[in-house]
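One structure is given here, and the rest of the page talks about it.
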Amino acid sequence: MIDPQPPQLEELLARCALNDQAAFAQLYKKVASKLNGIAYRILNNVDSANEVLQEAFVQIWNNASEYRQDKAEPMTWMASIVRYRAYDRIKFEKRRIEGAQIKADIEGFDDIADKRTDGIQLCEIDQQLTDCLADLDVNQRKSVLMAYYYGFSREEISSQFEAPINTVKSWIRRGIERLQQCLGN
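The numbering of the sequence shown is my numbering, which starts it at 17 and goes up by one.
Here you go:
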């Protein structure tokens with residue numbers, strides 16, 4: 017297969033920016049295999065690479081109007097989108113694995129007031145935060161800690177609690193408000 021030339025790709029991207037689906041299909045045919053190769057080299061997993069490629073092409077379609085030929089070659093621009101998507105996937109997978117490992121710890125959130133970290137003496141603000149966390153409703157406390165301490169997404173917390181995502185968002189928002197009030201006093 018002959019590598020597509022930058023002017024061809026620039027034209028296709030410009031047409032994609034105008035919502036030309038035929039141009040998008042041509043662009044996909046010309047570069048998908050190379051971009052998929054980039055994703056695969058980063059992820060070492062065919063399924064993940066295919067998912068990243070799909071996400072990247074959605075982003076390319078949505079952001080084609082933002083492409084600037086004076087900043088990068090078209091292939092470089094699209095490859096960077098794929099790379100960033102692949103690295104985001106790695107971070108997500110790592111967080112998911114870590115989340116599974118700490119799942120058992122979530123039950124321990126109930127006695128947060130008794131927790132200490134690595135034998136380090138907690139300073140006064142840490143103690144105050146611990147006391148304020150202990151005063152929160154159980155679901156608020158667990159949701160806030162999962163979101164801000166362990167880095168879970170709202171969707172992951174929703175799945176963990178088997179609760180609607182809007183409920184989880186409310187728990188987090190109310191928990192943060194109560195923490196701010198408690199810490200402000």
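We treat Cβ as the ideally placed atom computed from N, Cα and C, and that holds for glycine. Keep in mind that this is a model prediction, so the values were computed, not measured.
Residue range of the alpha helix (DSSP H) that includes Gly200 | Segment Ile181 to Gly200, the alpha helix (DSSP H) holding Gly200.
Contact under 8 angstroms by Cβ, Arg230 with Leu145 | Outside the displayed range of the chain (17 to 201) lies residue 230, so it cannot be described from this structure.
Straight-line gap, Lys110 to Ala163 (C-alpha atoms, nearest Å) | 15 angstroms
Quick one, are the C-beta atoms of Val184 and Ile192 less than 8 angstroms apart?
-> no
State the CB to CB distance for the pair Trp77 and Phe108, rounded to an integer number of angstroms; the pair is presumed to be in contact (CB under 8 angstroms).
-> Actually they do not touch by this definition, with Cβ atoms about 22 angstroms apart.
Residue from Pro22, Gln143 and Glu82 whose Cα sits closest to the Cα of Leu199 = Gln143
Beta-carbon proximity list for Phe73, same chain, < 7 angstroms, skipping 5 on both sides = Tyr44
Range of the contiguous alpha helix (DSSP H) that encloses Gly53 | From DSSP, the alpha helix (DSSP H) with Gly53 extends over Gln37 to Leu59.
Mind checking which residues open and close the alpha helix (DSSP H) that includes Tyr164?
-> From DSSP, the alpha helix (DSSP H) with Tyr164 extends over Val154 to Tyr164.
My guess is that Ala88 and Ala33 are in contact by the Cβ rule of under 8 angstroms, so how many angstroms apart are they, rounded?
-> Their Cβ separation, rounded to whole angstroms, is 15 angstroms, which puts Ala88 and Ala33 out of contact at 8 angstroms.
Anyone know if the C-beta pair for Ile188 and Val154 falls short of 8 angstroms?
-> no
Mind reading off the beta-carbon distance from Leu59 to Arg105? Whole number of angstroms is fine, and I expect it under 8 angstroms.
-> About 6 angstroms separates the beta carbon of Leu59 from that of Arg105, a gap short enough to meet the 8 angstroms contact definition.
Determine, using beta carbons only, whether Ala55 and Ala65 come nearer to each other than 8 angstroms.
-> yes
Same chain, Cβ closer than 8 angstroms to Ser96, five either side skipped, listed in chain order | A distance below 8 angstroms between beta-carbons, with the five flanking residues on each side excluded, links Ser96 to the following residues of its chain, in chain order: Ala88.
So, helix, strand or coil for Ser64, using DSSP?
-> helix
Can you give the Cα-Cα distance for Lys46 and Tyr103, rounded to whole angstroms?
-> Going from the Cα of Lys46 to the Cα of Tyr103 covers about 23 angstroms.
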